[in-house]
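Written out below as structure tokens is the structure these notes cover.
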Amino acid sequence: MTIATPAREPQALNKLMFVKLMPLLIIAYILSFLDRTNIALAKHHLDVDLGISAAAYGLGAGLFFLTYALSEIPSNLIMHKVGARFWIARIMVTWGLISAAMAFVQGETSFYVLRLLLGIAEAGLFPGVMLYLTYWFNREQRARATGYFLLGVCFANIIGGPVGAALMRMDGLLGWHGWQWMFLLEGLPAVAFAWVVWRKLPDRPSKAPWLSAEEARGIEQRIALETEEGAGEGGHSLKNWLTPQILLAIFVYFCHQITIYTVIFFLPSIISKYGELSTMSVGLLTSLPWIAAALGAVLIPRFATTPGRCRRLLVTGLLTMALGLGIASISGPVFSLLGFCLSAVMFFVVQSIIFLYPASRLKGVALAGGLGFVNACGLLGGFVGPSVMGAIEMSTGNAMNGLKVIAVVLVIAALAALRLRQGQEQAPAPQAIMKPATK
């Protein structure tokens, strides 16, 4: 005979969900980002060993984003149908195997093909997790949960360089190049961790063995009531994703992604021009803004508990990012690096909040596809940012001029964010339903 345990207090229940879910999701995202960006370390060696030119490398790097963006919506719709546990595990197995297969690249054609396949395989992880969090956390907790998840990007950028450099030192072992060992040994952990996800990640609260039936039912009922309060669109027609508010959220996210990927791809080269620095010194200095980003992701999104606070944090975050890049663009090495750190503090504060807006206006299949649509459109910033930055550097001879342009773009995004509203902000207040307004 089993004895029923009393339901936990909401605060204890939220803490339990964070402890049980977030480490799994964060580790998955760390592995994802490592496998997505490790070609940067192999760039020179691919040229020397296989004759893959800088132009071919750039095309291959970009092809990943093309198929990734095109596959986001169908991937999220499938996850909504088959469940998060199976689909996230499937994503990890396929991207891990394809990333490991990069060790067997023979030339430009195989490089292009594997980058295209990697984009298809990895597509859906980020919007899938954004959808998954809506099953568990209410609006007050969701920005905080998203901020924790985005720690994966920070950790990947902090450890990616040293880990990749260490693996590259295996050059010559068993007749393999160092870059081959790097691709293989950074790809296979994703396959192994997929088994952990399959065993430990419950699809929904009702499937979690560490929740009582009463607790699971309470969580799901609370989420359902919130969804009905703010979101009225449940179909998967494109018109549900093309409303003015969702398009406005996409524009803000697009500007944000321009900044993120510009910093990812150009920060090491900018720092390398600060003076006579070793490769290890450049790597260590490059990690500082990502440490700042991690601190921001942990400490700040927890304050995004109401629509008004969300909007203020979003606008403040975008303006802070612009200010930091502006400082970096006009300062010497020390203040330039401090400017990057200031900007980075708000990187994932902004990203954790922006997805609250489409999530508050859609439900069901529309929510699953809509989050994929928002992320796919935002990822175009991954194309535009580095391309514009490179073009400005080539035409002016100074990468810092590109930072000034991106700072202006962020100010425009902040002005646009002032007009964002969550779905429940348009709903009449309960008092207004119960009794007429008084003067």
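Letter by letter, the sequence shown follows residues -3 to 435 of this note's numbering. Cβ atoms here follow ideal geometry from the backbone N, Cα and C, with glycine treated the same way.
To which residues of the same chain is Trp194 closer than 8 Å at the C-beta, ignoring the five residues directly before and after it?
Arg81, Phe82 and Ala85
Could you pull the DSSP bridge partners for Leu121 from this structure?
Looking at the DSSP assignment, Leu121 forms no beta bridge with any residue, so it has no partner.
Identity of the residue in Ile326, Met317, Asp43 and Leu207 nearest Val345 by Cα
Met317
Taking contact to mean at least 3 C-beta pairs separated by less than 8 Å, is the stretch 156 to 163 in contact with the stretch 267 to 280?
yes
One question on the structure: do Ile256 and Gly378 come within less than 9 Å of each other, judged by their Cβ atoms?
yes
Rounded to a whole number of angstroms, what is the C-alpha to C-alpha distance between Lys39 and Arg200?
42 Å
Buried or exposed for Thr142, please, with buried defined as at least 16 other CB atoms from any protein chain shown within 10 angstroms of its CB.
buried
Close beta carbons around Pro382, own chain, < 8 Å, minus the five adjacent residues each side
Tyr257, Thr258, Phe261 and Phe262
The alpha helix (DSSP H) spanning Ala340 covers which residue range?
Pro329 to Val341
Supposed contact pair Ala52 and Phe107 - C-beta distance, whole angstroms, cut 8 Å:
7 Å
Between which two residues does the alpha helix (DSSP H) carrying Ile48 extend?
Segment: none, Ile48 is in no alpha helix (DSSP H) and carries neither H nor E.
Phe369, DSSP secondary structure in three states
helix
Take every Cβ of the stretch 316 to 332, pair it with every Cβ of the stretch 400 to 411, and state whether three or more of those distances are shorter than 8 Å.
yes
Give the secondary structure of Thr301 by DSSP, where H, G and I count as helix, E and B as strand, and everything else as coil.
coil
Distance CB(Ser306)-CB(Leu363) smaller than 9 Å:
The identity of residue 306 in the sequence shown is Cys, whereas the question assumes Ser. No, the pair does not count as a contact, with Cβ atoms beyond the cut-off.
Look at His252 and Leu314 and say whether their C-beta atoms are less than 9 Å apart.
yes
I need the boundaries of the alpha helix (DSSP H) containing Met166, first residue and last residue.
Where Met166 is concerned, there is no enclosing alpha helix (DSSP H), given that its DSSP letter is neither H nor E.
Restricting to runs no shorter than 4 residues, where is the alpha helix (DSSP H) found entirely within the stretch 21 to 85?
35 to 46 and 50 to 78
Three-state class that DSSP yields for Ser252 in the structure shown
A small fix is needed here, since residue 252 is His in this sequence, not Ser. Looking at His252 - three-state DSSP - the assignment turns out to be helix.
Leu416 versus Gln241, Phe369 and Val401, residue with shortest Cα-Cα distance:
Gln241
Nearest-angstrom beta carbon gap, Leu73 and Ile94 [assumed within contact, 8 Å]:
Going by Cβ atoms, the distance from Ile94 to Leu73 rounds to 22 Å, so no, they are not a contact pair.
Look at the alpha carbon of Ala57 and the alpha carbon of Val109, and state the distance between them as a whole number of angstroms.
11 Å
Looking at C-beta atoms only, is the number of pairs between the stretch 320 to 332 and the stretch 13 to 33 that lie closer than 8 Å three or more?
no
Take Gln7 as the anchor and find which of Thr63, Ser28, Val125 and Glu136 has the nearest alpha-carbon.
Glu136
Could you give the DSSP three-state label for Pro240: helix, strand or coil?
helix
If you count every other CB in all the chains shown that lies within 10 Å of the CB of Phe250, and 16 or more means buried, which is it?
buried
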